[in-house]
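Heads up, the sequence shown is in this note's numbering, so the first residue is 47 and it goes up one at a time.
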Amino acid sequence: MVNYINYALTIIGVFFIILSLFLITSEKIKGNNIYNNLQVKEKEIRKAIEEAQEVISELVYTSQTIVDEIENYISSKRKLIKIDNYNSIVQIKKEEMESDELVNKSKTINENKEEYDENNKLEKRISNYEEIKRLFNQGMTVDDIAKKLKIGKGEVKLIMSLNRGIKDNENI
């Protein structure tokens, strides 16, 4: 009986050893599957990262192109603004020069008018002087001469006294 027990224990031991070997190999297979699954997942992740990097590089290129276009647009607008400002400044300078010319012409005209007015006044005074002298020589009185020429009596008397003074000085 002891032998049977030994045989039974030996068979049970061998059975457990076989079972253990079977479980170990099945775990290895599962482990290999897990390892293989990890490798597949790693490849998928690497592929996704590469695709993301490609998309990022495309986005960088596109954004750089857009930035360049915007900078060119801004640059062209700045040039237009500078040209407009230059044209505005030139126009303002032209207007200032024209205004200065008009002011100078106006001053010249005013000066010429003043000279003309003064010459007219002088000629009128000279003609008044000559007229007073002529009328006085015709025998008209100071009152009559003043009324006729529409000037004051004092002015007539002054001109007549100046005329007498000039005649007196001519005799000297």
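Virtual Cβ for every residue (Gly too), placed ideally from N, Cα, C.
With a threshold of 6 Å on Cβ separation, who are the neighbours of residue i within its own chain once the five nearest residues in sequence on each side are excluded?
i	result
residue 181	191
Measure the beta-carbon distance from residue i to residue j and round it to whole angstroms, keeping in mind my assumption that it falls under 8 Å.
i	j	result
residue 169	residue 195	Residue 169 to residue 195, Cβ: 15 Å. No contact.
residue 189	residue 199	6 Å
residue 197	residue 174	7 Å
Assign residue i to one of two classes, buried (16 or more other C-beta atoms within 10 Å of its C-beta) or exposed (fewer than that).
i	result
residue 205	buried
residue 202	buried
Below 7 Å CB to CB, which residues in the same chain sit around residue i once its five sequence neighbours on both sides are set aside?
i	result
residue 218	Note that residue 218 has pLDDT 40, beneath the 50 cutoff, so the model's placement of it is unreliable and the number below is only indicative. Excluding sequence neighbours, residue 218 sits near nothing in its chain.
residue 54	none
residue 209	179
Counting only beta-carbon separations shorter than 8 Å, does residue i have a partner in chain D?
i	result
residue 161	Although the question refers to chain D, the structure presented lacks it and comprises just one protein chain.
Please specify which runs of the alpha helix (DSSP H), each continuous and at least 4 residues long, are wholly inside the region 155-197, giving them in chain order.
Counting whole runs of 4 or more residues, the region 155-197 contains the alpha helix (DSSP H) stretches 188-195.
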